[in-house]
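Chains as they are written, first to last, in the working numbering: chain A, 5 to 283; chain B, 53 to 211. Quick reminder that beta carbons are idealized off the backbone N, C-alpha and C, glycines included. Data first, discussion second: the structure below is written as structure tokens.
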Amino acid sequence: MMATLSDPMAPSPFRVQGVRKETYDTFTLELLPANGATGFAFAPGQFNMVYVSGVGEVPISISGDPAKPRTLIHTVRSVGTVTKKICQPQAGSVLGVRGPFGSSWPVEQAVGSDVVIVCGGIGLAPLRPALYHVMANRGKYGRVALLYGARTPEDLLYKTELPKWRGQFDLQVEVTVDSATGGWRGNVGVVTTLIPPARFDPENTVAMVCGPEVMMRFTLLELEKRGVPSENTFVSMERNMKCAVGFCGHCQFGPTFICKDGPVFRFDQIQPFFVTREI
Amino acid sequence: MATESLERILGEHPFFKGLEEPYLQLFVDCASNVRFNAGETIFREGGDADKFYLIRQGKVALETAAPQRGSVIIQTLGEGEVLGWSWLVAPYRWRFDARATELTRAIALDGKCLRGRSEEDHDLGYELMKRAAQIMEQRLQAARLQLLDVYGSGAGSKR
Numbered sequence: 005m006m007a008t009l010s011d012p013m014a015p016s017p018f019r020v021q022g023v024r025k026e027t028y029d030t031f032t033l034e035l036l037p038a039n040g041a042t043g044f045a046f047a048p049g050q051f052n053m054v055y056v057s058g059v060g061e062v063p064i065s066i067s068g069d070p071a072k073p074r075t076l077i078h079t080v081r082s083v084g085t086v087t088k089k090i091c092q093p094q095a096g097s098v099l100g101v102r103g104p105f106g107s108s109w110p111v112e113q114a115v116g117s118d119v120v121i122v123c124g125g126i127g128l129a130p131l132r133p134a135l136y137h138v139m140a141n142r143g144k145y146g147r148v149a150l151l152y153g154a155r156t157p158e159d160l161l162y163k164t165e166l167p168k169w170r171g172q173f174d175l176q177v178e179v180t181v182d183s184a185t186g187g188w189r190g191n192v193g194v195v196t197t198l199i200p201p202a203r204f205d206p207e208n209t210v211a212m213v214c215g216p217e218v219m220m221r222f223t224l225l226e227l228e229k230r231g232v233p234s235e236n237t238f239v240s241m242e243r244n245m246k247c248a249v250g251f252c253g254h255c256q257f258g259p260t261f262i263c264k265d266g267p268v269f270r271f272d273q274i275q276p277f278f279v280t281r282e283i
Numbered sequence: 053m054a055t056e057s058l059e060r061i062l063g064e065h066p067f068f069k070g071l072e073e074p075y076l077q078l079f080v081d082c083a084s085n086v087r088f089n090a091g092e093t094i095f096r097e098g099g100d101a102d103k104f105y106l107i108r109q110g111k112v113a114l115e116t117a118a119p120q121r122g123s124v125i126i127q128t129l130g131e132g133e134v135l136g137w138s139w140l141v142a143p144y145r146w147r148f149d150a151r152a153t154e155l156t157r158a159i160a161l162d163g164k165c166l167r168g169r170s171e172e173d174h175d176l177g178y179e180l181m182k183r184a185a186q187i188m189e190q191r192l193q194a195a196r197l198q199l200l201d202v203y204g205s206g207a208g209s210k211r
């Protein structure tokens, strides 16, 4: 029996099975259902509300493989009261999970097209399920490029997986960091500098973008300059989500709610609001 | 490398896209093929900036020395990119070190010669400045984004 969303406001218990330290402030948690369910089905790009008893609840993107739903994987950056608690679990800790919520990356729409994934910082986490899906169905897609930017080499996520992905002949993986000391042999520069030389046919490409909003603004301009149509460009938005089902209005973004209509949006559908500072 | 081959390489490079034939030939006359081994210094901060490079293969790190941090890489440049613009702006001194991080092949262009030709022929100078300005604009935008430190401690705080 898979965990299901019978009551979207009631958290289900999940036991912390393992914690991996990704960077000094970012951790990946493996969670198993503690209520007898056998797994947790989700679509790439969806998120959960993760609840720490007595502390609070936060939206966290799912970062695991959608084809392996037995374990629920979340990569969490420890930046606030709740995420700090999530990242310091005691052995066998139980977290409350509501979800999965929201829209997903267009992995089916992208079939037959080139795929370019552009992510910055922890933005790789919500895109990793999409990458897993594309790689598991590699024959259905054209060229695939992962363009990933981080602050420094120490801030890169998934350090054991990145070299494996890079070693695949059918996936272009380019990584850059904003600053580095002399020992770093990779690229230095912002993630947008990876777009012009990336190998994809702009007119036949689906782009998926996730990262801090400023990074996404620059990235979208660069993708437009390269010729990727805005109706083929998808972004994952972030706002202060509370209920996750469109009741409370905390995450309203123009005429949409990030939790219910997003977090993944086709860019041309939110373009007018994207640069509106008031929202 | 044969002149004909240099002409083809320059003609295909985005920096020279749309340049009229007589001007392209002038650039060919000022160009030479160069190679740098991994770890080799291409130029040093403070040195005379009298060349610029079109990278054909490899990777170059622009570096500076920062107190307490040692050598800091400001930016890396790779295949198809243009290295150096200090040759175009007085006092024509390199602002950073450039080091090949892997075997790098490039076309070196004599900036001093091109400055002189541009003074004589302002149409050529304008073509050159248009192209250089585009690269400067891209680098400026990238530097601004870098300065914003978008992945810093404030990013992702909602989750």
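Residue pairing by DSSP puts Pro-63/A in a beta bridge opposite Met-53/A. Fully contained in the region 179 to 220 of chain A are the following beta strand (DSSP E) runs of length 3 or more, in chain order: 209 to 214. For Lys-111/B, at least one C-beta of chain A is nearer than 9 Å to its own C-beta. When CB distances to chain A are screened at a threshold of 7 Å, the residues of the region 188 to 200 of chain B falling below it are Ala-194, Leu-197, Gln-198 and Leu-200, in chain order. The C-beta of Val-218/A comes closer than 9 Å to at least one C-beta of chain B. A Cβ of chain B is located within less than 9 Å of the beta carbon of Ala-154/A. One alpha carbon belongs to Val-213/A, the other to Glu-235/A, and they sit about 13 Å apart.
Contact between Leu-135/B and Ile-159/B does not hold, since the beta-carbon distance rounds to 10 Å and is not under 8 Å. By the Cβ neighbour-count rule, Gln-172/A is exposed, with fewer than 16 other Cβ atoms within 10 Å of its own. Counted as a single uninterrupted DSSP element, the beta strand (DSSP E) harbouring Tyr-105/B occupies residues 103 to 109. Collapsing the DSSP output to three states places Cys-263/A in a helix. Not a single C-beta of chain A is nearer than 9 Å to the C-beta of Ser-84/B. Gln-176/A counts as buried, since at least 16 other C-beta atoms from the protein chains shown sit within 10 angstroms of its C-beta. Judged by their CB atoms, Lys-103/B and Leu-180/B are not nearer to each other than the 9 Å cut-off.
Between the alpha carbons of Pro-48/A and Pro-63/A lies a distance of about 15 Å. For Glu-72/B, there is no enclosing beta strand (DSSP E), as DSSP marks it with neither H nor E.
Residues Val-20, Val-23, Leu-33 and Leu-99 of the same chain have their beta carbon placed closer than 8 Å to that of Pro-93/A, with the five preceding and five following residues left out of the count. CA-to-CA, the gap between Ala-202/A and Ser-183/A works out to about 21 Å.
Each residue's CA atom was taken as its position, placing Pro-267/A and Gly-106/A some 6 Å apart. Comparing alpha carbon positions, the residue from Gly-204/B, Glu-92/B, Ala-83/B and Arg-60/B closest to Lys-164/B is Ala-83/B. Contact between Pro-15/A and Phe-44/A does not hold, since the beta-carbon distance rounds to 13 Å and is not under 8 Å.
By the CB criterion at 9 Å, Val-138/A and Val-179/A fall outside the cutoff.
Cβ neighbours of Met-220/A within its own chain (closer than 7 Å, five residues either side excluded): Val-213 and Val-239.
Under DSSP, Thr-237/A forms a beta bridge with Ala-211/A.
Under the Cβ criterion (8 Å, minimum of three pairs), the region 75 to 84 of chain A counts as touching the region 35 to 44 of chain A. In the three-state reduction of the DSSP assignment, Lys-25/A falls in the strand class, which pools E and B. Pairing Ala-152/B with Ala-90/B gives a Cβ-Cβ distance under 9 Å. Take the alpha-carbon of Thr-185/A and the one of Ala-117/B: they are about 10 Å apart. Its chain contains Pro-206, Thr-209 and Ala-211 as the residues whose beta carbon lies nearer than 6 Å to that of Val-232/A, once the 5 sequence neighbours on both sides are disregarded; these appear in chain order.
With a cutoff of 9 Å on beta-carbon distance, Ile-199/A and Val-120/A are scored as near each other. Only residues of its own chain outside the window of five on either side were considered, and among them His-254 and Cys-255 have a CB closer than 8 Å to the CB of Asn-244/A, listed in chain order.
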